[in-house]
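Trainee: Take the sequence shown: its letter number 204 is residue 204 in the UniProt record's numbering, and every next letter is one higher.
Even for Gly, the Cβ is constructed at its ideal location relative to N, Cα and C.
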Amino acid sequence: MQIIYPGYYTGNYQPDDTFAEEYCCAQQQGGSCLLLDQEAVADGKYRFSGNISADSPVIWRGWMLTSEEYRHLHHAVTSCGGNMLESPKEYLQNHHITGWYDICRHYTAETIFTTEDADFDTLTAQLNWPGYFVKDYVKSLTTSRGSLAANADEIREIIRLILRYRGQIEGGISLRHCEYYKTDSERRYFVLNGQAFSADDNIPPVVREIADIITTPFFSVDITENTAGELRLIEIGDGQVSDIKEWNTEKFVALFSGAD
């Protein structure tokens, strides 16, 4: 496995501070690591710190990318003779809620998809849910306001704040039925080439079931426990852009050993 991390070129290549620990750990474990010059990317150029081999798959471990940004990265790697583990289509299947919701609806909160200019007064009157968790196709509002809305006015408020702080709505708007979860019960699992992994080696059956029905190569699975004691799926994420959360860095990086 070849891993690309974000970095900068200032006479020599250095990893971005956010990903430096993981990059150094991967190198220490004998991983094949490359850095992508972020300043060059901002100018529309893709400059890597070394050659990309055609003999093993390539993954990105860095910032979240829009669909267009991932297509550009995929094209750049292919142009250098490499092969990304995930196609642009597979990336979006993990990264956008619309890519995984239908096959996982049994495990997760009821969700509808709409647009930022929808008639939310009519929509909420039809749904009549006790609460609405508001996000675009990728992320919720991460400020202290949070993403939970009680009515149409609060839905519109959250959308305005997403636009203010993130600059765009990616994909569209997701309204999720409010569910109630136990505090600090959320855990992140990773699935690589069909095999599920956990930070503590405890993998609930629901994670294995989800690993069996999602066919993309590398994704994260966020599971939490509701107040009735049931394990529920919060979201699927693309493994290339998912934080490791409660994971030990060395254990996470070890996932890629022998993953060719």
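I need the boundaries of the alpha helix (DSSP H) containing G62, first residue and last residue.
Mentor: G62 -> no alpha helix (DSSP H), and no H or E assigned at all.
Trainee: According to DSSP, is L85 part of a helix, a strand, or is it coil?
Mentor: coil
Trainee: What is the DSSP secondary structure of I162, counted as helix, strand or coil?
Mentor: I162 falls in the helix class under three-state DSSP.
Trainee: Provide the residue span of the beta strand (DSSP E) that contains Q2, from first to last.
Mentor: Q2 to Y9
Trainee: Could you tell me how far apart the beta carbons of S174 and D117 are, in whole angstroms, since I believe they sit closer than 8 Å?
Mentor: 15 Å between Cβ atoms; not a contact.
Trainee: Spell out a yes or no on whether the region 119-128 and the region 85-103 are touching, meaning 3 or more CB-CB pairs, one atom from each, closer than 8 Å.
Mentor: no
Trainee: Kindly confirm or deny that the region 154-162 and the region 192-204 touch, where touching means at least three C-beta pairs closer than 8 Å.
Mentor: no
Trainee: Kindly confirm or deny that the region 53-64 and the region 77-84 touch, where touching means at least three C-beta pairs closer than 8 Å.
Mentor: yes
Trainee: Should residue 299 and G172 be called a contact, given that it needs their Cβ atoms to be closer than 8 Å?
Mentor: The chain is shown only over 1 to 260; residue 299 falls outside these bounds and no answer can be derived.
Trainee: Distance check for A150 and P217, CA to CA, integer angstroms please.
Mentor: 37 Å
Trainee: Alpha carbon to alpha carbon, how far is D153 from T66?
Mentor: 28 Å
Trainee: In chain order, what residues of the same chain have a beta carbon less than 8 Å from the beta carbon of Q28, not counting five sequence neighbours either side?
Mentor: Excluding residues within five positions, none has a Cβ falling inside 8 Å.
Trainee: Is L34 near I52, with beta carbons less than 8 Å apart?
Mentor: yes
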